[in-house]
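Peer 1:
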Amino acid sequence: MTINGDPQENAAYRPGDRDDFDRLYRTCYPRLLGTIYAITGDAASAEDCVQEAFLRAFKAWPRYRPERAAEAWIYQIAINTAISHRRRAKLRRIGEVLRRLGRPGLGPDPADGATTSDLIQALSALPPRVAADFVLRYHHGYNNREIARLEGVSERTIGTRLNQAREVLARILGPEWGAEVPTSTTLNVVVAIEQRGVSDA
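At position 87 of the sequence shown (counting the first as 1) the number is 92 in the numbering used here, and the numbers step up by one without a gap.
(1) By DSSP, does residue 159 sit in helix, in strand, or in coil?
(2) With DSSP run on the structure shown, which of helix, strand or coil describes residue 131?
(3) In the DSSP assignment, the alpha helix (DSSP H) including residue 39 goes from what residue to what residue?
(4) Specify the secondary structure class of residue 19 as computed by DSSP and reduced to three states.
(5) Count the other CB atoms, across all protein chains shown, that sit within 10 Å of the CB of residue 35; report buried if there are 16 or more and exposed otherwise.
(6) On the premise that residue 87 lies in contact with residue 29, defined as a C-beta separation below 8 Å, what is that separation, rounded to the nearest angstrom?
(7) Among the residues of its own chain, which have a CB less than 7 Å from the CB of residue 121, if the five just before and after it don't count?
(8) Could you check whether the region 125-137 touches the region 154-173, counting it as contact only if at least three pairs of C-beta atoms, one from each stretch, sit closer than 8 Å?
(9) Quick check: the Cα distance between residue 151 and residue 141, rounded to an integer number of angstroms?
(10) Looking only at its own chain, which residues have a Cβ that is under 6 Å from the Cβ of residue 58, when we skip the five neighbours before and after it?
(11) Quick check: what's the CA-CA separation for residue 139 versus residue 158?
(12) Counting only C-beta atoms, is residue 161 closer than 8 Å to chain B at any point?
(13) Starting from residue 57, follow the alpha helix (DSSP H) in both directions and report where the run begins and ends.
(14) Is it right to say residue 146 is buried, meaning 16 or more other beta carbons lie within 10 angstroms of its own, or is it exposed?
(15) What is the DSSP secondary structure of residue 90, reduced to helix, strand or coil?
(16) What's the gap between the Cα of residue 70 and the Cα of residue 20?
(17) Report yes if the C-beta distance between residue 161 and residue 77 is below 8 Å; otherwise report no.
(18) In this structure, does DSSP put residue 104 in helix, strand or coil?
(19) Between residue 79 and residue 38, which are expected to be in contact by the criterion C-beta below 8 Å, what is the C-beta distance as a whole number of angstroms?
(20) When you compare only the Cα positions, how much space is there between residue 22 and residue 41?
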């Protein structure tokens with residue numbers, strides 16, 4: 006899988022053309038949903054973020070510049086949307102904790118006992134862009150150069166983020182997650198996350 010930034014290749018996507026935007030949606034939506042799920046940790050939230058990202062992209066579609074890969078363009082919009090969502094969700098959780106502190110005697114919220122997969126919990130411990138890069142690299146199969154092109158950063162930055170992801174996952178899930186190349190078990194678990202995201206939606 007590649008992210009092609011060649012303007013000639015992207016000329017097939019015509020700015021403002023509805024059919025081309027529909028094709029971009031069909032091409033990117035499934036993989037994008039799995040990547041954003043790694044950031045939000047929640048299937049419904051991931052779907053909301055992806056839908057919001059495509060809505061923003063559609064409004065900006067007449068201004069899309071074909072010299073940039075269309076897939077990279079929509080990924081950047083979606084990742085930024087998911088990061089904003091995660092920040093808002095964190096603020097809501099903090100606010101709820103503060104409200105509970107002001108209401109003594111209340112029992113625990115049943116939702117507090119909700120469990121998720123170990124990997125989703127571990128990915129949630131990562132900065133959002135690091136979690137997204139991990140899924141792009143080890144599930145979707147992009148190499149470091151392609152991820153760097155997608156996000157507009159250096160390959161060195163991507164390498165640093167992936168090292169950070171492996172270190173955190175190894176600490177939380179076990180030393181086998183610190184390997185340079187994940188085991189087949191690693192990939193299977195990431196696939197399971199994406200499938201869960203689709204089935205829970």
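Even for Gly, the Cβ is constructed at its ideal location relative to N, Cα and C. Note that this is a predicted model, so its numbers are computed, not measured.
Peer 2: With the given structure in hand:
(1) coil
(2) coil
(3) 23-45
(4) coil
(5) exposed
(6) That pair is no contact at about 18 Å.
(7) Bear in mind that the predicted position of residue 121 carries a pLDDT of just 39, short of 50, making it unreliable; the figure below should be weighed with that in mind. For residue 121, where only same-chain residues beyond five positions count, the Cβ hits under 7 Å are 46.
(8) yes
(9) 10 Å
(10) 82, 83 and 86
(11) 15 Å
(12) No chain B is present in this structure, which holds just one protein chain.
(13) 48-65
(14) exposed
(15) helix
(16) 7 Å
(17) no
(18) Confidence at residue 104 is low in this model, with a pLDDT of 49, below 50, so its placement is unreliable and the value that follows should be read with caution. Helix at residue 104.
(19) 12 Å between Cβ atoms; not a contact.
(20) 26 Å
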